[in-house]
Amino acid sequence: MSQDAATIRAQPISAFFSTAEAVADSEPVIAIYAAPEWYELGEDGKAWIAGIIRETLARAAEQL
């Protein structure tokens, strides 16, 4: 089920942690020089990546 951008942005950042972890620990990201793994990030770093994921999904929804 797809969601509109406003619905995506209304969700708490914590709702995106599992997706953010999967992206952060993916082979293409880990292959980038000095990219930290998810467990190495502090809570602020995890929230930052989850926020990027949320905004990316919202912007993608706007393009549909």
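Numbering (the working numbering), first residue to last: 1385 to 1448. Just so you know, even glycine gets a beta-carbon here, dropped at the ideal spot from N, CA and C. Predicted, not measured: the structure shown is a model, and the values here were computed from it.
Nearest neighbour of residue i, chosen from the options [CA to CA]
i	options	result
Phe1401	Gln1387, Ala1418, Ser1386 and Gly1426	Gly1426
Ala1431	Glu1405, Ala1390 and Ala1389	Glu1405
C-alpha gap between residue i and residue j, whole angstroms
i	j	result
Ala1415	Asp1409	10 Å
Leu1448	Tyr1417	33 Å
Ile1437	Thr1403	8 Å
Pro1433	Ile1397	As written in the sequence, residue 1433 is Ile, which differs from the Pro given in the question. Roughly 9 Å between the two C-alpha positions.
Limits of the unbroken alpha helix (DSSP H) element including residue i
i	result
Asp1409	Where Asp1409 is concerned, there is no enclosing alpha helix (DSSP H), given that its DSSP letter is neither H nor E.
Ala1419	From DSSP, Ala1419 is part of no alpha helix (DSSP H); its letter is neither H nor E.
Asp1428	Glu1427 to Gln1447
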